[in-house]
Amino acid sequence: MAKYNISTFIPIIQSGLVEHNKQEAAGRLLLDAIAIDVEVDIPAETISNLVNQKIDVHHKIKKASARPEVMEAAIEYFESEVLTDLNPNLTDDICTEILRSLAQDPSVSPKKREELTSLYHEGALSQFLTKSYLYAINRPNKINKPRKTKKNDALTSVDEFPLIYEVNNKCPLCADPLVKKVKEKTIEKYKIVHIFPLDLTPEKTHAFQEVKQPIEDLTASENKIALCIDCAESYQIDTTLEEYASLLKIKDTYTKSYRLQQTLNGMALEDEIKEVIHALAKITYVNQLPPFLSLEALEIKKKIHPKHVMLIDDLTGDVLKYYRFIEHTFSQIGNFNLIASEIQATFYQIEKDFSDQIEIKNHLTEWMLTKTKMPHQNRRACEIIVAFFVQNCEVFYEIPR
Numbered sequence: 002m003a004k005y006n007i008s009t010f011i012p013i014i015q016s017g018l019v020e021h022n023k024q025e026a027a028g029r030l031l032l033d034a035i036a037i038d039v040e041v042d043i044p045a046e047t048i049s050n051l052v053n054q055k056i057d058v059h060h061k062i063k064k065a066s067a068r069p070e071v072m073e074a075a076i077e078y079f080e081s082e083v084l085t086d087l088n089p090n091l092t093d094d095i096c097t098e099i100l101r102s103l104a105q106d107p108s109v110s111p112k113k114r115e116e117l118t119s120l121y122h123e124g125a126l127s128q129f130l131t132k133s134y135l136y137a138i139n140r141p142n143k144i145n146k147p148r149k150t151k152k153n154d155a156l157t158s159v160d161e162f163p164l165i166y167e168v169n170n171k172c173p174l175c176a177d178p179l180v181k182k183v184k185e186k187t188i189e190k191y192k193i194v195h196i197f198p199l200d201l202t203p204e205k206t207h208a209f210q211e212v213k214q215p216i217e218d219l220t221a222s223e224n225k226i227a228l229c230i231d232c233a234e235s236y237q238i239d240t241t242l243e244e245y246a247s248l249l250k251i252k253d254t255y256t257k258s259y260r261l262q263q264t265l266n267g268m269a270l271e272d273e274i275k276e277v278i279h280a281l282a283k284i285t286y287v288n289q290l291p292p293f294l295s296l297e298a299l300e301i302k303k304k305i306h307p308k309h310v311m312l313i314d315d316l317t318g319d320v321l322k323y324y325r326f327i328e329h330t331f332s333q334i335g336n337f338n339l340i341a342s343e344i345q346a347t348f349y350q351i352e353k354d355f356s357d358q359i360e361i362k363n364h365l366t367e368w369m370l371t372k373t374k375m376p377h378q379n380r381r382a383c384e385i386i387v388a389f390f391v392q393n394c395e396v397f398y399e400i401p402r
């Protein structure tokens, strides 16, 4: 699992430095932003151990990094010492790599990711690099030795965690939980399965080519999936080509959803949209609403594939009933153009991986609910707002007839 910490930050910055382009020199340059003031010695072995995740950042450096005056001094240090040594042709690549590393770590809070992303887009490079560095040094860096499980004494690897997150901690075949808590104890009830077996015979290799281009590295995560123990054992007995193909399709779907979730965590959404959600939640009588949108103005059916009859019906009803109300509410709070552009940008991001319009609508709804940190009972309000933006042309295109 990709982790954002000092072990990832040092190599990223090192790749763009001109003078301090060796690991020891780059690490010392970065850590001296605080280490000099707190009188912590940084030998070459320390840099190597940090990059190899054998140790954590010295506790004195972490403690000092929380003091406002140290943070201000660190920004000045990065401005004068680090930025001046960065190759200006690579600065944007370096910053993009930092943002990508943040996005790939599911344990990074969306708020922190948004804060750092905003600093970069605002052009505040010294603040962006400094705060990314301060965040990195305070993140857990040392990898603890994997513990042994009680069942068949197997080693639990940290590489298994993203595979469990990917399927939302539920077996993709039977929906049973893979890890659960029982009386304060964590019980592991899963097994990591290779979709295509490692002992491929020439006959099976030829058959798999009918399903998909062969995976180059059968030990890679793209060929692994987490299943409950029962389903894993059943799958691995006399597996048919159809079963391989089915599980591979399931894996692809979960991988796309997991990757999209990490990307959407970094997409912005203005807080003002909460006011629209709250306003919808307060409606108690239909006659409280402004006059309905006229049927002549409705274009929903031109944007939704005819096979999605229920989706057309749902969106049409929501638009006819609530469009004027949402439009009026947005006019009262302002910031509509920015919110509309954020909705549109998120739609563009989702449609890169998903073409089904129902899936796109559901992903947009879940994203809005998550970004606003609203309780699940507000999901219906989010669905209505998505319908509004379908009508308003930020979501979906007109289907050629």
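Using this note's numbering, the letters of the sequence shown map in sequence onto residues 2 to 402.
Where is the CB? At the ideal position from N, CA and C, for every residue including glycine.
Taking C-beta separations shorter than 7 Å and ignoring five residues to either side along the sequence, the partners of N170 in its chain run P178, L179, V180, following chain order. In terms of Cβ geometry, K113 and D57 do not form a close pair [threshold 7 Å]. In the three-state reduction of the DSSP assignment, H60 falls in the helix class, which pools H, G and I.
With a cutoff of 7 Å on beta-carbon distance, I196 and K275 are scored as not near each other. Where H279 is concerned, the enclosing alpha helix (DSSP H) starts and stops at 274-282. Rounded to whole angstroms, I7 and N50 show a C-alpha spacing of 11 Å. When the beta-carbon positions are compared, L316 and A382 stay at least 7 Å from each other. Counting every other CB atom within 10 Å of its CB across the protein chains shown gives A137 a total of 16 or more, marking it as buried. Of the other Cβ atoms in all chains shown, fewer than 16 fall within 10 Å of the Cβ of Y398; this residue is therefore exposed. With fewer than 16 neighbouring CB atoms inside 10 Å of its own CB, C175 falls in the exposed class. Following the DSSP letters along the chain, one finds H195 inside the beta strand (DSSP E) bounded by residues 191-195.
In the structure shown, A382 adopts helical secondary structure according to DSSP, grouped into three states.
In the three-state reduction of the DSSP assignment, C229 falls in the strand class, which pools E and B.
One Cα belongs to T254, the other to A74, and the distance between them is close to 47 Å. V109 is a Cβ neighbour of Y5, given a cutoff of 7 Å. Residues of the same chain with a CB within less than 7 Å of the CB of Q54, apart from the 5 flanking positions on each side, are S8, N142, K143, I144 in chain order.
Taking 7 Å as the cut-off, the Cβ atoms of S66 and L135 count as close. Around V41, the same chain offers H59, K61, I62 as residues with beta carbons nearer than 7 Å, after the five sequence neighbours per side are excluded.
Within the same chain, I13 come within 7 Å of E98 by CB-CB distance, once the 5 residues on both sides are set aside.
Taking 7 Å as the cut-off, the beta carbon of L228 is found no closer than this to the beta carbon of L199.
Out of I278, K190, L365, L248, the CA that lies nearest to the CA of Y323 is found in I278. For K362, the enclosing alpha helix (DSSP H) covers residues 358-372. At a Cβ-Cβ threshold of 7 Å, A27 and I37 do not count as neighbours. Counting along the chain, V183 sits inside the beta strand (DSSP E) bounded by residues 180-183. Here C394 is exposed: its Cβ has fewer than 16 other Cβ atoms, across all protein chains shown, within 10 Å. Within 10 angstroms of the beta-carbon of M311 lie fewer than 16 other beta-carbons, which makes it exposed. Under the DSSP assignment, R114 falls in the alpha helix (DSSP H) whose first and last residues are 111-122. Listed as beta-bridge partners of T347 by DSSP are no residues whatsoever. About 7 Å separates the Cβ atoms of I230 and Y191, confirming a contact at the 8 Å cut-off. When the Cα atoms are used, E273 and F355 turn out to be separated by approximately 28 Å. In the displayed model, T241 falls within coil according to three-state DSSP, outside both helix and strand.
Measuring C-alpha to C-alpha distances from I193 to each of E185, K184, L164 identifies L164 as the nearest.
With respect to the 7 Å criterion, L270 and K372 are classified as neighbours on the basis of their beta carbons.
Rounded to the nearest angstrom, the Cβ distance from V396 to I359 is 13 Å, too far for a contact under 8 Å. Going by DSSP, P44 is part of no alpha helix (DSSP H) at all; its letter is neither H nor E. By alpha-carbon distance to P44, the top candidate from I35, N363, E25, E328 is E25.
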